[in-house]
Amino acid sequence: MPGLGQLHIHRVLMASFALAWGIVFLYQSRLLEAVQFLFSGDIQKSTNVLNPEWLLFMPSVWGFAAYDSYINTVENNKLFEYEQRTFLRKNYQSRSFTIKKGKVIAE
Numbered sequence: 007m008p009g010l011g012q013l014h015i016h017r018v019l020m021a022s023f024a025l026a027w028g029i030v031f032l033y034q035s036r037l038l039e040a041v042q043f044l045f046s047g048d049i050q051k052s053t054n055v056l057n058p059e060w061l062l063f064m065p066s067v068w069g070f071a072a073y074d075s076y077i078n079t080v081e082n083n084k085l086f087e088y089e090q091r092t093f094l095r096k097n098y099q100s101r102s103f104t105i106k107k108g109k110v111i112a113e
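Residue numbering for the sequence shown follows the working numbering, starting at 7 and increasing by one per position.
Written as C-alpha cells, this is what we have:
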C-alpha cells in the first residue's frame, strides 16, 4: 500500500495522505472487485467492472509514495551519518591520535 514507506520513516502526515488517496483510488477504480472476478475465472466481467479513469491514477500514487519515501530515507541517512561522525569525533577521538602506516602489529 502506498504510504507504508512514509509510515516506516515516521512521516505520519504524508503516510496518511498517501494511504487515504490510495484507498480512494482503489475503491473508485473497483480494482478489488475486478480481481475477485478474475480469480473466479470471469475475465469479461472483470474487465467490464473496472473504471479505467480511476485505475490509471494508481501508478502515480504508488510512484509518488515510493519516490518520496526513498528520497526522505536517503536524506535521513545522510543526517544520521553526519550526526554520528560528529558525535564520535567529539567524544571518542583524541587529538593526539595518529595512524602509523606500514606497521603491522600482531596480537
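The beta carbon of each residue, even a glycine, is placed where N, CA and C say it ideally should be.
Quick one: measure Cβ to Cβ for Arg17 and Asn57, integer angstroms, because I've assumed they're closer than 8 angstroms.
Taking the first residue of the sequence shown as 1, we reach residue 17 at position 11. Taking the first residue of the sequence shown as 1, we reach residue 57 at position 51. At roughly 30 angstroms, the Cβ-Cβ gap does not stay under 8 angstroms, so Arg17 and Asn57 are not in contact.
So, with DSSP's three-state summary, where would you put Met64?
By one-based count along the sequence shown, residue 64 stands at place 58. The three-state reading of DSSP puts Met64 in helix, counting H, G and I together.
Leaving out five residues on either side along the sequence, give the residues of the same chain with a beta carbon under 7 angstroms from the beta carbon of Leu25.
Here residue 25 refers to the residue found at position 19 of the sequence shown. Met7, Pro8 and Gly9, listed in sequence order.
Pull up the CB-CB distance for Arg36 and Val55, whole angstroms please, since I reckon it's below 8 angstroms.
Locating residue 36 in the sequence shown gives position 30, where the first residue counts as 1. Locating residue 55 in the sequence shown gives position 49, where the first residue counts as 1. Sure, about 5 angstroms apart at Cβ, within 8 angstroms.
Using alpha carbons as the reference points, say which of Lys51, Tyr73 and Glu81 lies closest to Gly11.
As a working mapping, residue 11 is identified with position 5 in the sequence shown. When each option's Cα is compared against that of Gly11, the closest is Tyr73.
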